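Chains as they are written, first to last, in the working numbering: chain X, 22 to 299; chain P, 22 to 299. Glycine included, C-beta positions come from ideal geometry on N, C-alpha and C. It should be emphasised that the depicted structure is a prediction, and the values quoted were computed from it without experimental measurement. Heads up, the thing below is written out as structure tokens.
Below you can see the structure in the form of structure tokens.
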């Protein structure tokens, strides 16, 4: 469900958190750029839930200590996970979903009634739903995925499941790309392939799933010059909303998909996962 | 500074927390009754700080794990502490204040610029300031303190420092009361004394610093029948605002001091401690 279609904010201002407020957090490093707190707090407000989602800045070497601490907090109900923790977080999941087992990465953890933790990876489904919401098809397309980090592996899996004709995968770390292709072969054999140098003339859906673009002085993750005129360039970075890659694609007249759609389309999934429905 | 004198809420509603929000927490078990988040979030709102204070429910056997986790979070700046953690928390303080060293208890921790943690105990100063704000003197009074937990030890120390004539101390655990008296003797020798059975006829400031009154079916912490007609009965419990003890004292026509004043008077102290001034 795209953001624009969600119900309007009630006229009543949000209450300030009090002693009975339930906690949700999102872990990242860096974390100041994350958009999930804003969207989730809007949802809690609309649903009249006494709950809040907070950013938690945690460095990789502190992840174990911080996670053990967070899982010991009685009124903490859920954890979202962003860069660079989506793989390492799996160690703290008692019940991984099929998508988590397939990709080895997770972006959402929930405390179940028995006190154990379920983990899901909604990035891929959110990315594909975001494309569909914006009127972009995935079935039959020739996709190229640059970056096989926590978001990339989930997007690759969701695209293969959503019926792309082919998926070229590349990464500065070739072994990661090769491993992802092997995992995706268990879904639909032969659809994904590792391409150290992607032939952009054969691509009509080009996806940046690297962190390049978070900082103003980052190089472009790939060159848009060789893309077909009917290609779509999609981004996972949410802040800035218009990355240099999207700007370059727009200058060439290509269709673009900003990163926020991937998250906006996950809010409805989080809603169900965290039991916030009705 | 009593709550009534603080500046009025700005007309602008508080923003929802986002990715750059700074975190403060209050640890307790139970925690749903705590009033500090409401007061501190009001303060953050008035000061236009992108910060939030959240309740953190942590059982005693999880305190170490949770504290190590919280201290590993990069955007967490401060920790308040309530029942039953005020003694055990001292293990996590690098720089204890004089009051913390005297009482062995703390209720506020701050991350300093060098990444180490300072600890303070504002309960006593807050309690005495709350009395003064309400027009009740402490100097020359004959006080009786029931309960020598985390709040009690700080209140005892602040009362002795504030010039009470005498301080009778009792606790269901006599060794705790005896230990407190020994500590207070280092401040002003002979003022505090352990009294297993307090002579209420000789008391004009009677203080409940036990948790009795948090629950509706708790027995009274002491009997108000024997108190002098000019005695003041003071409470540390904040919720309910009118405990059974305060109701019984009011029925006898005695002056009463609700627990919230102790906290309201600490907000100005927290403000300075956490560097929220101007």
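* Please classify residue 264 (chain P): does DSSP put it in a helix, a strand, or coil? => coil
* Determine whether the Cβ of residue 41 (chain X) lies closer than 8 Å to any Cβ atom of chain P. => yes
* Roughly how many whole angstroms lie between the Cα atoms of residue 120 (chain X) and residue 172 (chain X)? -> 12 Å
* Please report the residue range of the beta strand (DSSP E) in which residue 141 (chain X) lies. => 138-141
* Asked: Which whole-angstrom value describes the C-beta separation of residue 37 (chain P) and residue 66 (chain X), a residue pair presumed to lie in contact below a C-beta threshold of 8 Å?
  -> 7 Å
* Spell out whether any CB of chain X is found under 8 Å from the CB atom of residue 94 (chain P). => yes
* Can you tell me the Cα-Cα spacing of residue 201 (chain X) and residue 135 (chain X), whole angstroms? -> 33 Å
* Using the C-alpha atoms, what's the distance from residue 98 (chain X) back to residue 167 (chain X)? -> 33 Å
* Starting from residue 277 (chain P), find everything on chain X with Cβ-Cβ shorter than 9 Å and list it in chain order. => Going along chain X, no residue has its Cβ under 9 Å from residue 277 (chain P), so there is no contact; the nearest lies around 23 Å.
* Measuring only between beta-carbons, confirm whether residue 80 (chain X) sits less than 8 Å from chain P. => yes
* Would a check of beta-carbon distances place residue 69 (chain X) closer than 8 Å to chain P? -> no
* Beta-carbon of residue 264 (chain X) versus every beta-carbon of chain P: anything under 8 Å? -> no
* Report the three-state DSSP secondary structure of residue 187 (chain P) (helix, strand or coil). => strand
* To do: Kindly indicate if chain X contains any beta-carbon less than 8 Å away from that of residue 53 (chain P).
  => yes
* Who pairs with residue 255 (chain X) in a beta bridge, going by DSSP? -> X:228, X:278
* **Members of the segment 196-212 of chain X that neighbour chain P once the beta carbon cut-off is set at 7 Å** => none
* **Meets three-Cβ-pair contact criterion under 8 Å: the segment 74-84 of chain P and the segment 93-107 of chain X** => yes
* Asked: Is the shortest distance between the beta-carbon of residue 35 (chain X) and the beta-carbons of chain P less than 8 Å?
  -> yes
* Asked: Quick one: which chain X residues come within Cβ less than 9 Å of residue 77 (chain P)?
  -> 44, 94, 95, 96, 97
* To do: Please determine if the segment 140-158 of chain X and the segment 213-222 of chain X are in contact, where contact requires at least 3 C-beta pairs separated by less than 8 Å.
  => no
* Could you name the residues that DSSP lists as bridge partners for residue 153 (chain P)? => According to DSSP, which records beta bridges pairwise, residue 153 (chain P) is partnered with nothing at all.
* To do: Look at residue 242 (chain X) and residue 233 (chain X) and say whether their C-beta atoms are less than 8 Å apart.
  => yes
* To do: Determine the burial state of residue 246 (chain X): buried for a count of at least 16 other Cβ atoms within 10 Å of its Cβ, exposed for fewer.
  => exposed
* Asked: Cα-Cα, which of P:255, P:39, P:195, P:184 is closest to residue 210 (chain P)?
  -> P:184
* Asked: Which residues in chain P sit within 8 Å of residue 66 (chain X), going by Cβ to Cβ distance?
  -> 37
* Asked: Since residue 170 (chain X) and residue 283 (chain X) are thought to touch, with beta carbons under 8 Å apart, how far apart are those beta carbons, to the nearest angstrom?
  -> About 14 Å separates the two Cβ atoms, so there is no contact after all.
* Spell out whether any CB of chain P is found under 8 Å from the CB atom of residue 62 (chain X). => yes
* Check the Cβ-Cβ distances between residue 232 (chain X) and every residue of chain P, and say whether any is below 8 Å. => no
* **CB contact flag (residue 140 (chain X), residue 150 (chain X), <8 Å)** => no
* To do: Return no unless some Cβ of chain P is closer than 8 Å to the Cβ of residue 285 (chain X).
  => no
* Evaluate contact between the segment 109-120 of chain P and the segment 82-91 of chain P, counting only Cβ atoms and requiring at least three cross-stretch pairs below 8 Å. => yes
* chain P contact residues for residue 83 (chain X), given Cβ-Cβ distances below 7 Å -> 93
* Asked: Quick one: which chain X residues come within Cβ less than 8 Å of residue 58 (chain P)?
  -> 37, 38, 39, 40, 42
* Asked: Where do the N-terminal and C-terminal ends of the alpha helix (DSSP H) with residue 100 (chain P) fall, by residue?
  -> Careful: residue 100 (chain P) lies outside any alpha helix (DSSP H), inside the beta strand (DSSP E) at 97-102.
* Determine, using beta carbons only, whether residue 89 (chain P) comes closer than 8 Å to chain A. => Of the protein chains in the structure, X and P, none is chain A.
* Please say whether residue 290 (chain X) and residue 143 (chain X) have beta carbons closer to each other than 8 Å? => yes
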